[in-house]
Structures are given as structure tokens and as C-alpha cells.
Amino acid sequence: MESTSERLLTPGEVAALFRVDPKTVTRWAAAGRISSIRTPGGHRRFRESEVHALLRGEENADSADLGR
Numbered sequence: 001m002e003s004t005s006e007r008l009l010t011p012g013e014v015a016a017l018f019r020v021d022p023k024t025v026t027r028w029a030a031a032g033r034i035s036s037i038r039t040p041g042g043h044r045r046f047r048e049s050e051v052h053a054l055l056r057g058e059e060n061a062d063s064a065d066l067g068r
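Using this note's numbering, you'd call the opening residue of the sequence shown number 1 and step up by one each time.
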């Protein structure tokens, strides 16, 4: 199962990639600019493939402007 599951990134990991504060990533998720998954403990996680697509500029209609 591990080989088919996608790696999930923490807000801190996403923030480091975008060079923003982790709270900014949390705000993006709350605003629907980037999708997130909630862990059973309530923490946000982000799909690695989606984060890298956003970094490459492959934006979804819902995540057009990340406030940069």
C-alpha cells in the first residue's frame, strides 16, 4: 500500500518550498487556494504532487492566485 500512496507534506514543508511562513500556507488552505487533507489528529497535510504542480505554475482553477 505504501508504494501507491502519495507523500503528504506538512505546512512547514510546503512553506519552505514557497518561501513563506507556515501560517500563510494554512491561510491558503482555509481560503481554498490549495487543497489539504486532515489527519485524524486534525493537522493539515498537502499532496506532494499538487504542491509541485503549483510550484511549476500548473494552477487549478480554484488555486489561481496564492497571494504572491
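Note that beta-carbon positions come from the ideal geometry of N, C-alpha and C, so glycine has one too. None of these values were measured; they are calculated from a predicted model.
Quick check on residue i: does DSSP put it in helix, strand or coil?
i	result
Arg27	helix
At what residues does the alpha helix (DSSP H) containing residue i begin and finish?
i	result
Gly12	Pro11 to Phe18
Glu50	Glu48 to Leu55
Is it buried or exposed, residue i, if we count other Cβ atoms within 10 angstroms and call 16 or more buried?
i	result
Ser3	Here Ser3 scores only 47 on pLDDT, less than 50, and its place in the model is too uncertain to base an answer on.
Leaving out five residues on either side along the sequence, give the residues of the same chain with a beta carbon under 6 Å from the beta carbon of residue i.
i	result
Pro22	Pro11, Gly12 and Ala15
Ser36	Ala29, Arg44 and Phe46
Arg68	Note that Arg68 scores a pLDDT of 47, beneath 50, so its modelled location is shaky and nothing firm can be said.
Return the chain-ordered list of same chain residues with a C-beta closer than 7 Å to the C-beta of residue i, the five sequence neighbours on each side being excluded.
i	result
Val51	Leu9, Val14 and Leu17
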